[in-house]
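Just below is one structure, and these are the notes that go with it.
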Amino acid sequence: MTIENRAFEADTSKILDIVIHSLYSNREIFMRELISNASDALDKRRFVASTDQSLQAEEELQIQIKVDKKAKTLTISDNGIGMDADDMVSSLGTIARSGTKNFIEQIKSSQKDDKNTLSLIGQFGVGFYAAFMVADSVDVISRKAANSDAFKWHSDGSTGYSLDSATRAEAGTDIILYLKKDAKEFLEEQRISYLIKKYSDHLSSPIYWLDGEASTMLNSASAIWTRPKSEITEEQYNAFYQQASAAYDTPYLTMHNVTEGVTNFTSLLFVPSTRPMDLFNPERKSRLQLYINRVFITDECEDLVPNWLRFVRGVVDTPDLDLNVSREMLQQVPAINKIKKAIIKRVLSELKKQASKNQEEYQKFWLDFGLVVKEGLYEDADFREKILELCRFYSCRKGDYISLADYVAGMKEQQEEIYYLSSESVEQAEISPHIEGFKARDVDVIVLSDPIDEFWLPLIPEFEGKKFKSASRGALDLDKFKSDDADDNKEKTDPSEFDLLVARIKTNLGDQIADVRLSSTLTESAACLVADENGMDIQMERLMKSHNKDFQGAPRVLELNPDHELVLALNKMAHEKSASTESGLVDDASFLLFDQAQIMEGRIPSDLTSFSKRMTRIMSSSILTNAPTK
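Those letters in the sequence shown? Residues 11 to 640, per this note's numbering, in order.
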C-alpha cells in the first residue's frame with residue numbers, strides 16, 4: 011500500500027542535480043558514503059542497546075553487500091537502528107533544510123569558484139544522494155529497532171519519491187541501487203572489495219560480501235590506532251607502517267598519541283628509516299592519511315602536515331573536522347590548524363629526543379631527510395628555532411656532522427661569529443682555499459651545501475647570540491686566532507710592498523673584478539675570489555643562474571696570498587720591469603690567477619682561448635728557461 015508520493019521541490023531538484031553531477035570528482039565515493047551511513051546506523055543501535063536490552067540484535071552487527079548481475083542491482087544492508095516512515099521523510103526526502111532558496115543563491119554567486127561551491131554544499135546533509143551518480147533509481151527498505159512495521163522509500167533522483175509499506179524480517183536497512191549502464195563495474199566483487207579496502211577497511215563493524223550461501227569478510231576491522239599502546243607490539247606497528255605506506259623498511263620513529271581537548275584526534279605517525287622515492291617530488295605533497303571515525307577521507311590533505319614534514323607517514327583520525335559533503339575537501343576550520351601544530355610539535359619533540367639518545371642513528375636520519383627539514387627554516391617562522399636545534403652541519407674541523415650548539419661550545423677564545431662556507435658539496439668545501447686560514451688556526455667552519463641554505467640564512471642572522479659569518483665573503487681578520495703555523499710569529503708583510511702588483515692586476519682585469527687585495531686567510535693557495543661584505547655567495551649565484559640564464563653576478567674581489575712564492579715572485583717582477591718578457595709574464599699571470607680562482611670555485615673561465623694561450627706562453631717560458639743546453 012502506497013502511503014504517499016511526493017515531488018521534490020523545484021529548488022531541491024536543482025540542488026540534487028548539483029549533488030549528482032557536480033559534487034563528487036570520483037563517483038566511486040558513493041560506496042564510502044553508503045557504507046559510512048550503514049556504520050553509523052550500527053553504532054547508534056549499539057549505543058541505544060547499551061541501556062535498552064530489547065534493542066539488541068540477535069545476530070552480530072554487520073554490513074552485507076550483494077549483487078544481482080541479472081537485475082543489475084547492488085544491495086547494501088545493515089542490521090542497525092533502522093528507520094520508520096517519519097525518519098525516511100526527514101532523512102531521505104529533504105535536503106538543504108536550512109534554507110533552500112538561500113542555498114541556491116549562494117551557489118549561483120560562487121559558480122566561478124568550485125572550492126567555495128563545495129564548501130557551501132558541505133553545510134547540507136546530502137551524502138546519501140551520491141548513490142544517484144551510479145544508479146538510475148534507489149530503493150531503501152528499513153525497519154526501525156523495536157518496531158514491527160517496515161517501509162520502502164523509492165526515487166529516481168529527479169522527480170521525487172514514494173513511500174510505501176514493506177516487509178523486513180529484522181530491524182535494519184537495505185539500500186538497493188538499480189545501476190546505470192555505465193556502472194556495471196560495481197557488480198564485480200573485485201571492484202567492491204577494492205573500494206572497501208580503500209575507504210572502509212578500518213571500520214569496527216565487519217563488512218561481508220555475500221555470494222549465495224557463502225560470505226567473505228571484506229574489511230580488516232583493525233584500526234590499530236584505536237587500540238591502547240600497551241596492547242600493540244613493535245612487530246604490529248611495523249606491519250601497519252609497511253601496509254599503510256607501501257614501504258619495506260622499518261620506521262625510524264613510531265609515535266602513537268591520543269589527544270583530547272578542544273580538538274580530539276588520534277595519530278599514529280611514522281618517520282621512515284629510508285628515504286622515500288617521492289621525497290623530492292616537485293609537488294612536495296604529504297601522504298599522511300586522514301580518517302573521520304575510521305572512515306578514510308584522503309591522503310592528500312595539504313593542511314594536515316607542512317611540506318617540510320612530508321616524509322612523515324601514518325594516520326590521523328578525528329571526529330572534530332568539518333568536511334564538505336563529499337568528504338573530498340576539508341573546510342578551513344580551526345581544528346585543522348590545531349591538529350597540524352600538534353603534529354609538528356610531536357615530531358620535532360621526538361626527533362630532539364632521538365638526537366640526544368643516539369647520535370649515530372640521528373645522523374643517518376639527517377643525511378636522508380635534513381634537506382627537507384631545513385625547508386621549514388625558510389617556510390615556518392613559528393617553529394624556526396626548534397628546527398634549527400635539530401639541524402646538523404658538516405664541521406671542517408671534526409670531519410663530521412655537528413649541531414650549532416656543539417659548534418658554539420667549541421668556539422675559540424675571542425671568536426664571536428659562526429663561520430660557514432657555502433659550497434656545492436662537502437668534498438668541494440674541504441679543498442676550498444677559503445678555509446685554509448681557518449684550518450691553520452684550528453677555527454671551525456661549517457658547510458652549507460644545500461640550495462635551501464641560501465634562503466633561510468638571511469632570515470636567521472644568529473644562533474645563541476653568535477652571528478653567522480661567511481668564509482668567502484668580505485675581508486676576514488683571523489690574526490686574532492693563534493696559528494698552528496711555525497712561522498706564525500714572523501714579521502707581518504707590509505701591504506704597501508705589493509701596491510704596484512695590486513695596481514697592475516687591477517688594471518689588467520678591469521671590470522672583471524671588484525677589487526684586488528691581500529688575504530689574511532690563504533696559506534697554501536696563491537689566490538681566491540671572495541664576495542663583498544654585502545655581496546652574493548657563489549652558491550646563490552649558481553641558483554640565480556639556474557633560474558635565469560641571463561643573470562650576471564656581481565664582480566668579486568681577488569685576494570692574493572702575500573706569502574705564496576708565486577705572488578712574491580710576481581711582486582718582484584712588477585717592481586723590476588727590466589725586461590719586456592718579464593713584464594708580459596706579470597700580465598699573463600694576472601689573468602691566470604683570476605682564471606685559476608674561478609676554476610677553484612667550479613666556474614669555467616669566460617675566455618678559454620685566451621686562457622689557453624696565456625698558459626702556453628707561461629709554460630713555454632718556464633720550460634725554455636730551465637731546459638738543459640746541448
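Just so you know, even glycine gets a beta-carbon here, dropped at the ideal spot from N, CA and C.
None of the values given here were measured: they were computed from a predicted structure.
task: Would you be able to state if there are at least three C-beta pairs under 8 angstroms between the stretch 440–455 and the stretch 376–391?
output: no
query: Taking Cβ positions, are I185 and I86 nearer each other than 7 angstroms?
result: For the purposes of this step, residue 185 is taken as the residue at position 175 of the sequence shown. For the purposes of this step, residue 86 is taken as the residue at position 76 of the sequence shown. Contact: yes.
field: Proximal residues to M93 (C-beta, below 7 angstroms), its chain only, five neighbours per side dropped
entry: Position 83 of the sequence shown, counted from the first residue, corresponds to residue 93. Hits under 7 angstroms: S101, S152, K154, T183.
message: Could you compute how far the alpha carbon of G563 sits from the alpha carbon of M554?
response: As a first step, residue 563 must be located in the sequence shown, where it is residue number 553. As a first step, residue 554 must be located in the sequence shown, where it is residue number 544. So the alpha carbons of these two residues sit roughly 9 angstroms apart.
task: Using only the heavy atoms of the ligand COA, determine whether one of them is closer than 6 angstroms to the beta carbon of P461.
output: Annotation note on the ligand COA: not contained in the displayed structure, which lists no ligands.
field: E434 to S459 span [Cα, whole Å]
entry: Mapped onto the sequence shown, residue 434 falls at position 424. Mapped onto the sequence shown, residue 459 falls at position 449. Between E434 and S459, the C-alpha separation is close to 5 angstroms.
query: Excluding sequence positions up to five away, which residues of its chain have a Cβ less than 7 angstroms from the Cβ of E69?
result: In the sequence shown, the residue the question calls residue 69 occupies position 59. Closer than 7 angstroms at the Cβ level, and outside the excluded window around E69, lie N89.
message: DSSP three-state label for R304, please.
response: Here the question's residue 304 lines up with position 294 in the sequence shown. Coil, per DSSP.
message: Which residue wins for smallest C-alpha separation from A416, given the options H444, A365, A156, F465?
response: Locating residue 416 in the sequence shown gives position 406, where the first residue counts as 1. Inspection of the sequence shows that residue 416 is occupied by Asp rather than by Ala. Comparing Cα-Cα distances from D416 to each of H444, A365, A156, F465, the minimum goes to A365.
- request: Tell me, to the nearest whole angstrom, how far the beta carbon of E611 is from that of L532; I am working on the premise that it is less than 8 angstroms.
  value: Translated into positions along the sequence shown, residue 611 becomes position 601. Translated into positions along the sequence shown, residue 532 becomes position 522. Not quite, the Cβ-Cβ distance comes to about 14 angstroms (not below 8 angstroms), so this is no contact.
query: How should H585 be labelled, buried or exposed, when 16 other C-beta atoms within 10 angstroms of its C-beta is the threshold for buried?
result: Translated into the one-based positions of the sequence shown, residue 585 becomes position 575. So H585 counts as exposed.
message: I'd like to know if the stretch 477–491 and the stretch 392–402 are in contact, where contact means that at least 3 CB-CB pairs between them fall below 8 angstroms.
response: no
Buried versus exposed, by CB contacts within 10 Å (16 or more), M618: Within the sequence shown, numbered from 1, the residue matching residue 618 stands at position 608. In the sequence as displayed, the identity of residue 618 is Leu instead of Met. It is exposed - the Cβ of L618 has fewer than 16 other Cβ atoms within 10 Å.
query: For P443, is the classification buried or exposed, using 16 other Cβ atoms within 10 angstroms of its Cβ as the cut-off for buried?
result: Walking along the sequence shown from the start, residue 443 turns up at place 433. Classification for P443: buried.
- request: Please classify M629: does DSSP put it in a helix, a strand, or coil?
  value: Sequence index remark: in the sequence shown, residue 629 carries index 619 (1-based). If DSSP states are grouped into helix, strand and coil, M629 belongs with the helices.
message: If you reduce the DSSP assignment to three classes, tell me which class I117 lands in.
response: As a first step, residue 117 must be located in the sequence shown, where it is residue number 107. Low per-residue confidence applies at I117: pLDDT is 49, beneath 50, and the placement is therefore not dependable enough to give any value.
message: A95 and F161 - do their beta-carbons sit closer together than 7 angstroms?
response: Taking the sequence shown and counting its residues from 1, one reaches residue 161 at position 151. Taking the sequence shown and counting its residues from 1, one reaches residue 95 at position 85. Yes.
- request: Assign V272 to buried or exposed, taking buried as 16 or more other Cβ atoms, counted over all protein chains shown, within 10 Å of its Cβ.
  value: Sequence index remark: in the sequence shown, residue 272 carries index 262 (1-based). Per the 10 Å Cβ criterion, exposed.
E14 in three-state terms, based on DSSP: On the sequence shown, position 4 is the one that residue 14 refers to. Strand.
task: Can you tell me which of the three DSSP states A176 falls into?
output: Here residue 176 is taken as the residue at index 166 of the sequence shown, counted from 1. Residue state, collapsed to three classes: strand.
field: Straight-line Cα distance separating I523 from R294
entry: As a first step, residue 294 is located in the sequence shown; it is residue number 284 there, counting from the start. As a first step, residue 523 is located in the sequence shown; it is residue number 513 there, counting from the start. Cα-Cα distance, rounded: 40 angstroms.
- prompt: Taking the C-alpha atoms as reference points, what is the distance between R627 and A536?
  reply: For the purposes of this step, residue 627 is taken as the residue at position 617 of the sequence shown. For the purposes of this step, residue 536 is taken as the residue at position 526 of the sequence shown. Using only the alpha carbons, I get a separation of about 19 angstroms.
message: With H, G and I counted as helix, E and B as strand and the rest as coil, what does DSSP make of K582?
response: Start at 1 with the first residue of the sequence shown, and residue 582 comes out as number 572. Correct three-state label for K582: helix.
message: Tell me which residues share the same chain as F660 and place their Cβ nearer than 7 angstroms to its Cβ, disregarding the 5 neighbours each side in the sequence.
response: Lying outside 11 to 640, the shown extent of the chain, residue 660 is not represented and no answer is given.
Assumed close pair V455, Y429 - CB separation to whole angstroms, cut-off 8 angstroms: Within the sequence shown, numbered from 1, the residue matching residue 455 stands at position 445. Within the sequence shown, numbered from 1, the residue matching residue 429 stands at position 419. Yes, they are in contact, since the Cβ atoms of V455 and Y429 sit about 5 angstroms apart, within 8 angstroms.
query: If you pair each beta-carbon of the stretch 293–311 with each one of the stretch 237–248, do three or more pairs fall below 8 angstroms?
result: no
message: Using only CA atoms, which one of H557, N558, G545, A541 lies nearest to E569?
response: Against the sequence shown, residue 569 aligns to sequence position 559. Checking every option, the nearest Cα to that of E569 belongs to A541.
task: Counting only the same chain and skipping the five closest in sequence on each side, list residues whose C-beta sits under 7 angstroms from that of R624.
output: In the sequence shown, residue 624 corresponds to position 614, counting from 1. Closer than 7 angstroms at the Cβ level, and outside the excluded window around R624, lie D598, F601, L602.
query: Using the rule of at least 16 other Cβ atoms within 10 Å of the residue's Cβ for burial, across every protein chain shown, is Q121 buried or exposed?
result: Numbered from 1 along the sequence shown, position 111 holds the residue referred to as residue 121. For Q121, the predicted model reports a pLDDT of 48, less than 50, meaning its position is unreliable; a value from the coordinates is still stated below. Q121 is exposed by the Cβ-count criterion.
message: Rounded to the nearest angstrom, what separates D410 and E370 at their Cα positions?
response: Looking up residue 410 in the sequence shown gives position 400. Looking up residue 370 in the sequence shown gives position 360. Roughly 11 angstroms separates the two Cα atoms.
task: Give the secondary structure of N267 by DSSP, where H, G and I count as helix, E and B as strand, and everything else as coil.
output: Here the question's residue 267 lines up with position 257 in the sequence shown. Strand at N267.
message: Does K559 come out as helix, strand or coil in the three-state DSSP assignment?
response: Start at 1 with the first residue of the sequence shown, and residue 559 comes out as number 549. Coil at K559, not helix or strand.
- prompt: With 16 other CB atoms within 10 Å as the buried threshold, where does E385 fall?
  reply: Looking up residue 385 in the sequence shown gives position 375. By the 10 Å Cβ count, E385 comes out buried.
- prompt: Taking C-beta to C-beta, are D309 and P282 nearer than 7 angstroms?
  reply: Here residue 309 corresponds to residue number 299 of the sequence shown, with the count starting at 1. Here residue 282 corresponds to residue number 272 of the sequence shown, with the count starting at 1. No, the Cβ-Cβ distance between D309 and P282 is not below 7 angstroms.
field: CB contact flag (S49, S232, <7 angstroms)
entry: Taking the first residue of the sequence shown as 1, we reach residue 49 at position 39. Taking the first residue of the sequence shown as 1, we reach residue 232 at position 222. It is not a contact, given that the beta carbons lie outside the stated cut-off.
task: Could you tell me which residues DSSP puts in a beta bridge with G170?
output: Along the sequence shown, read from residue 1 onward, the residue named residue 170 stands at position 160. G170 is bridged to A17.
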